[in-house]
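Notes follow the structure.
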Amino acid sequence: MASATSRLPSRRKAVFAIAIAAIAAILIFLAVGGIGENLVYYWSPSELLSAGDQAYGATVRLGGLVAPGSVVRSADGLELDFAVTDGVERVPVHARAVPPAMFREGIGVVVEGRLSRNGVFETKRLMVKHDNQYQPPSEGDERSLEELAKTMQLGADDT
Amino acid sequence: MRNVATGIGLLGILLLLVGSYVGLFVAPPERHMGDVQRIMYVHVPTAWIGLLCSTFAMIFAVAYLWTGRNRWDDRLVGALEISVILGGLLLVQGMLWGRVTWGIWWTWDVRLTTSLIMFLLFAGVLALRSFVEEPLRRATWSSVATIIAYVDVPLVYFCVRWFRSLHQVQSSPETVHSSMIIPLRINAFAMLFIAIWLIAWRARIESKSRGAERPPERIEIQGAQNG
Chain A
1 MASATSRLPS RRKAVFAIAI AAIAAILIFL AVGGIGENLV YYWSPSELLS
51 AGDQAYGATV RLGGLVAPGS VVRSADGLEL DFAVTDGVER VPVHARAVPP
101 AMFREGIGVV VEGRLSRNGV FETKRLMVKH DNQYQPPSEG DERSLEELAK
151 TMQLGADDT
Chain B
1001 MRNVATGIGL LGILLLLVGS YVGLFVAPPE RHMGDVQRIM YVHVPTAWIG
1051 LLCSTFAMIF AVAYLWTGRN RWDDRLVGAL EISVILGGLL LVQGMLWGRV
1101 TWGIWWTWDV RLTTSLIMFL LFAGVLALRS FVEEPLRRAT WSSVATIIAY
1151 VDVPLVYFCV RWFRSLHQVQ SSPETVHSSM IIPLRINAFA MLFIAIWLIA
1201 WRARIESKSR GAERPPERIE IQGAQNG
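In order, the protein sequences belong to chains A and B.
Counted from 1, the first sequence has number 72 at position 72 by the numbering used here; the numbering is strictly sequential.
Take any residue in the second sequence, note its place counting from 1, add 1000, and you have its number in the numbering used here.
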């Protein structure tokens, strides 16, 4: 063992240096390689509407708050109409999906589908995005729409 | 040391029972989520301690490469295995919670994707390890692979702040009611103690099996090709 420990450290430190260099290379790649632009999980209503013709037809995810007062459920419970808003723009959504129990007006949602030419976003995949608030029933939720919209991370700083 | 580790482990199991009791029966249901939010009391500690164990693994890997002492390789195995177990549990718990609250089992958002990558990377290090028979090379390769795999760990933690994701950002004492903080913290310490106990236990097993490997290692080192 003595011969092994006296011989190996320099080689081991060389390996160590290579590992550190590999990590630095990966981090630089992540930072400079524009990975952030490819990591937009959903578009806000404003972004979708400002995309013009590109917005139509492509399968995208649209994220925002369920606009208060906009929810209309079909009689059989299999279809759902509502509007998604970021506080500035709103996009009407037609969902052929059974929403999770958390679905309600004012909550964050992400819908996967496409914007049709009549301006309605058609989706079969409706996901609820809840925020990081965990409170007992005794605490009322009195946040404004603007405060709730912040939980959707739609600000210019994270695009 | 052995008795100390066992004591920490037993304390951890006791705390896990207490924390889970408080989480299931004393803490209130969440105002919008109801009872399903109680999975938080295992999911969040699993994430915290899983990320911590992978950090331990990275530290042990650096320590091994720096010192060349086998004891760091022994501890590395323990930390890697507990990281993989917690990483797997984390994905399963998250899928269960996501199905009920988000409405889906899985989506390729940045938090879920980096977490899956983390699980696969550390499982890959263990797989790599099982393919290398020569102990010195195995320890060196495991350490280097661990350090490279660790690049993903800060991404798992910070990605929800950097990018839009379906997964919410970290909660904090400001966003979680005090009655829910208590079981969360008890279970976090419980899982930390259990993880330390299991890593120490696994390191001891690895150290003993290394004793069985030593003779061929010594013959090889004394051989002419190493002169």
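Backbone N, C-alpha and C fix where the C-beta goes; we use that ideal spot for every residue, glycine too.
Q. By how many angstroms is the C-alpha of V1100(B) removed from the C-alpha of L1086(B)?
A. Position 86 of the second sequence, counting from 1, holds the residue named residue 1086(B). Position 100 of the second sequence, counting from 1, holds the residue named residue 1100(B). Near 21 Å, if we compare the C-alpha coordinates of V1100(B) and L1086(B).
Q) Along chain A, in chain order, which residues have C-beta atoms closer than 9 Å to that of W1102(B)? A) Mapped onto the second sequence, residue 1102(B) falls at position 102. Result: P100, M102, V110, M127, V128, K129, H130.
Q) Within 10 angstroms of its Cβ, does N118(A) collect 16 or more other Cβ (buried), or is it exposed? A) Along the first sequence, read from residue 1 onward, the residue named residue 118(A) stands at position 118. Result: exposed.
Q: Report the rounded CA-to-CA distance for L80(A) versus H94(A), giving the unit in angstroms.
A: Locating residue 80(A) in the first sequence gives position 80, counting from the first residue. Locating residue 94(A) in the first sequence gives position 94, counting from the first residue. Rounded to whole angstroms, L80(A) to H94(A) spans 6 Å at the Cα level.
Q) When the distance is taken between beta carbons, is L1184(B) closer than 8 Å to P1045(B)? A) Counted from its first residue, the second sequence places residue 1045(B) at position 45. Counted from its first residue, the second sequence places residue 1184(B) at position 184. Yes, the pair counts as a contact, with Cβ atoms nearer than the cut-off.
Q. So is E1081(B) buried or exposed if we call it buried at 16+ other beta carbons inside 10 Å?
A. Residue 1081(B) sits at position 81 when you count from the first residue of the second sequence. Flag for E1081(B) reads buried.
**Q.** Candidates F29(A), Y41(A), P136(A), G108(A), of which the one nearest V60(A) by Cα
**A.** Here residue 60(A) refers to the residue found at position 60 when the first sequence is read from its first residue. Looking at the Cα atoms, Y41(A) is the closest of the given residues.
(Q) My output table needs one value for R1038(B): the three-state DSSP class, helix, strand or coil. (A) Within the second sequence, residue 1038(B) is the residue found at index 38, counting from 1. In the structure shown, R1038(B) sits in a helix (DSSP, three-state: H, G or I).
**Q.** Neighbour list for L1065(B) in chain D, Cβ cutoff strictly below 8 Å
**A.** The structure shown contains no chain D; its protein chains are A and B.
**Q.** Selected residue, minimal CA-CA separation from R90(A), among A24(A), A25(A), W43(A)
**A.** In the first sequence, counting from the first residue as 1, residue 90(A) sits at position 90. Taking only the C-alpha atoms, the option nearest R90(A) is W43(A).
Q: Using beta-carbon positions only, say whether W1090(B) and S1130(B) come within less than 8 Å of one another.
A: On the second sequence, position 90 is the one that residue 1090(B) refers to. On the second sequence, position 130 is the one that residue 1130(B) refers to. Note on identity: in this sequence residue 1090(B) is Leu, with Trp being the wrong assignment. No. Outside cutoff.
(Q) Is there a Cβ of chain A sitting closer than 8 Å to that of I1134(B), yes or no? (A) If you number the second sequence from 1, residue 1134(B) lands on position 134. With the sequence shown as reference, residue 1134(B) is identified as Glu, and Ile is not the correct amino acid for it. Answer no: the Cβ-Cβ gap between E1134(B) and chain A never drops below 8 Å.
Q | Residue range of the alpha helix (DSSP H) that includes D81(A) | A | Here residue 81(A) corresponds to residue number 81 of the first sequence, with the count starting at 1. Note, D81(A): premise wrong, no alpha helix (DSSP H); beta strand (DSSP E) at 80-85.
Q.
Cutting at 7 Å between CB atoms, please list the residues of its own chain near I1117(B), excluding the five before and the five after it.
A. For the purposes of this step, residue 1117(B) is taken as the residue at position 117 of the second sequence. Counting only Cβ-Cβ distances below 7 Å, and skipping sequence neighbours, we find D1152.
Q: Return the residues of the region 1164-1183 of chain B that lie within a Cβ-Cβ distance of less than 8 Å from chain A, sorted by chain order.
A: R1164, S1165, L1166, Q1168, V1169, Q1170, S1171, S1172, T1175, V1176, H1177, S1179, M1180
Q.
Below 7 Å on C-beta distance, what does H1043(B) contact in chain A?
A. Here the question's residue 1043(B) lines up with position 43 in the second sequence. Near H1043(B) there are no residues of chain A at all, since even the closest Cβ is about 12 Å away, more than 7 Å.
(Q) Nearest by alpha-carbon distance to G1103(B): which of D1109(B), M1095(B), V1110(B) is it? (A) Within the second sequence, numbered from 1, the residue matching residue 1103(B) stands at position 103. The candidate whose alpha carbon is nearest that of G1103(B) is M1095(B).
Q | Whole runs of the alpha helix (DSSP H) within the region 1019-1107 of chain B, excluding any shorter than 4 residues | A | 1040-1067, 1070-1101
Q: Would you tell me roughly how many angstroms separate the C-alpha atoms of S1083(B) and A1057(B), rounded to the nearest one?
A: Here the question's residue 1083(B) lines up with position 83 in the second sequence. Here the question's residue 1057(B) lines up with position 57 in the second sequence. Each residue's Cα considered, the two are about 8 Å apart.
(Q) Between S1171(B) and Y1064(B), how many whole angstroms is the CB-CB distance? I'm expecting something under 8 Å. (A) Taking the second sequence and counting its residues from 1, the one referred to as residue 1171(B) is at position 171. Taking the second sequence and counting its residues from 1, the one referred to as residue 1064(B) is at position 64. 35 Å between Cβ atoms; not a contact.
Q) By the criterion of Cβ-Cβ separation under 7 Å, what are the contact partners of D1109(B) in chain A? A) Numbered from its first residue, the second sequence carries residue 1109(B) at position 109. Here the neighbours are Y41.
(Q) Starting from M147(A), trace the alpha helix (DSSP H) in both directions and tell me its first and last residue. (A) Taking the first residue of the first sequence as position 1, residue 147(A) is located at position 147. The identity of residue 147(A) in the sequence shown is Glu, whereas the question assumes Met. Unbroken alpha helix (DSSP H) run through E147(A): 145-150.
Q | Contact list for D141(A) against chain B, beta-carbon separation under 8 Å | A | As a working note, residue 141(A) is residue 141 in the first sequence. Those are R1031, H1032, listed as they occur along chain B.
(Q) Using a Cβ-Cβ distance cut-off of 8 Å, determine whether G1223(B) contacts chain A. (A) Here the question's residue 1223(B) lines up with position 223 in the second sequence. Because G1223(B) carries a pLDDT of 48, less than 50, the predicted location of this residue cannot be relied on, and the following value inherits that uncertainty. So no, G1223(B) is outside the interface.
Q. Which residues does DSSP pair with W43(A) in a beta bridge?
A. Here residue 43(A) corresponds to residue number 43 of the first sequence, with the count starting at 1. Answer by DSSP bridge pairing, in chain order: L62(A).
Q | Listed by chain order, chain B residues near L27(A) by CB distance under 9 Å | A | Locating residue 27(A) in the first sequence gives position 27, where the first residue counts as 1. Those are V1151, listed as they occur along chain B.
(Q) Once the 5 residues before and after L148(A) are set aside, which same chain residues still bring their CB inside 7 Å of it? (A) Within the first sequence, residue 148(A) is the residue found at index 148, counting from 1. Cβ neighbours of L148(A) beyond the five flanking positions: L65, G106.
Q | Closest Cα partner of R1111(B) within the set F1163(B), A1200(B), F1060(B) | A | As a first step, residue 1111(B) must be located in the second sequence, where it is residue number 111. When only C-alpha atoms are compared, the closest one is F1163(B).
Q) Out of T1055(B), Y1021(B), S1054(B), which has the shortest C-alpha to C-alpha gap to I1039(B)? A) Locating residue 1039(B) in the second sequence gives position 39, where the first residue counts as 1. Ranking the options by Cα distance to I1039(B), first place goes to Y1021(B).
Q.
What does DSSP give as the partner residue(s) for E112(A) in the beta ladder?
A. For the purposes of this step, residue 112(A) is taken as the residue at position 112 of the first sequence. According to DSSP, E112(A) bridges with R61(A), R125(A).
Q. Roughly how many whole angstroms lie between the Cα atoms of T123(A) and P100(A)?
A. Sequence index remark: in the first sequence, residue 123(A) carries index 123 (1-based). Sequence index remark: in the first sequence, residue 100(A) carries index 100 (1-based). Their backbone Cα atoms lie some 15 Å apart in a straight line.
Q: State yes or no: is the C-beta of W1105(B) within less than 8 Å of the C-beta of H1043(B)?
A: Taking the first residue of the second sequence as 1, we reach residue 1105(B) at position 105. Taking the first residue of the second sequence as 1, we reach residue 1043(B) at position 43. Their beta carbons are not under 8 Å apart, which means W1105(B) does not touch H1043(B) by this criterion.
Q: At 7 Å on the CB atoms, spell out the chain A contacts of I1148(B), in chain order.
A: Along the second sequence, read from residue 1 onward, the residue named residue 1148(B) stands at position 148. Here the neighbours are A19, A22, I23.
Q. Would you say M1058(B) reaches chain A, if we count a Cβ-Cβ gap shorter than 8 Å as a contact?
A. Looking up residue 1058(B) in the second sequence gives position 58. Judged by the 8 Å Cβ criterion, M1058(B) is not in contact with chain A.
Q. Ends of the beta strand (DSSP E) at R117(A)?
A. Position 117 of the first sequence, counting from 1, holds the residue named residue 117(A). Note, R117(A): premise wrong, no beta strand (DSSP E); not H, not E.
Q. To which residues of the same chain is I1186(B) closer than 7 Å at the C-beta, ignoring the five residues directly before and after it?
A. As a working note, residue 1186(B) is residue 186 in the second sequence. Answer for I1186(B): L1015, V1018, G1019, V1022, listed in chain order.
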